[in-house]
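S.K.: Just passing along the structure, written as structure tokens.
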């Protein structure tokens, strides 16, 4: 007979027989048939049900919820730092009349500085009225930084590392931008060594500063 046999104690454990034969629990089926007059029922395990039971158990295991991923704690975004504004440009000289001289050279040699002083005096002004800035001092600064100086006249000599180069001004020509007049020319060192450039600069300065011909 396929499968195992199970004997239900409910059908054969008669009280009288159990008391007479206390070891009947350990007897074989052949021995029990001589002492039990009641009809015995044998039940065979249904293999299909066992297979279904195993399938249900496997399905239950597979349907167990997967563990949730670990919670990732995201730190609060750091607020943007306040933009630090650079210090205002600091010119050399008293800059009393708003005349600003921008020069290519990091430093002006004594003979070049002497030429600049004479040039400023020749147009009726003194060096107390002038402020100076080199290309190095202007490097990394904006046009707004330059405008904040409120210069009335800007004399640019030579090449500068500054956005002022983008202004539509031609060399030795006066250019008006808002309320400021601009004059672009060669580097002061170059002008000091060239008589032709000196004369060209002087003629433009007379127009800029309204110097009447004598």
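Residue numbers (my numbering): 858 to 1071. Just so it is clear, CB atoms sit at the ideal spot from N, CA and C, and this is done for glycine as well. These numbers were taken from a predicted model, which means no experiment stands behind them.
Would you list, in sequence order, the uninterrupted alpha helix (DSSP H) runs of no fewer than 4 residues that lie entirely inside the region 960-986?
M.R.: Segments of the alpha helix (DSSP H) lying fully in the region 960-986: 967-979.
S.K.: Under 7 Å Cβ to Cβ from residue 985, same chain only, skipping five residues before and after it: list those, please.
M.R.: Once the five neighbours on either side are set aside, the close Cβ partners of residue 985 are 951 and 953.
S.K.: If we count the other Cβ atoms within 10 Å of its Cβ and call it buried at 16 or more, is residue 974 buried or exposed?
M.R.: The residue is exposed, with fewer than 16 neighbouring Cβ atoms inside 10 Å.
S.K.: What are the uninterrupted segments assigned as beta strand (DSSP E) that are 3 or more residues long and contained completely in the region 992-1026, given in chain order?
M.R.: DSSP runs (the beta strand (DSSP E)) wholly in the region 992-1026: 1010-1014.
S.K.: Compare the beta carbon distance of residue 1043 and residue 1028 with 9 Å and say whether it is the shorter of the two.
M.R.: Yes, the pair counts as a contact, with Cβ atoms nearer than the cut-off.
S.K.: Alpha carbon to alpha carbon, how far is residue 979 from residue 1064? Give it in angstroms, no decimals.
M.R.: Using only the alpha carbons, I get a separation of about 13 Å.
S.K.: What are the partner residues of residue 1028, as DSSP defines its beta bridges?
M.R.: DSSP, once it has assigned bridges, lists 1041 as partnering residue 1028.
S.K.: Buried or exposed for residue 942, please, with buried defined as at least 16 other CB atoms from any protein chain shown within 10 angstroms of its CB.
M.R.: Its Cβ having fewer than 16 others within 10 Å, residue 942 is exposed.
S.K.: Is there contact between the region 1034-1041 and the region 982-1001, where contact requires at least three CB pairs shorter than 8 Å?
M.R.: Touching, no, given that fewer than three Cβ pairs across the two stretches are closer than 8 Å.
S.K.: Going by beta carbon distance, what residues of the same chain come within less than 8 Å of residue 1075, once the five residues before and after it are set aside?
M.R.: Within the shown structure, residues of the chain are numbered from 858 to 1071, placing residue 1075 beyond reach of any answer.
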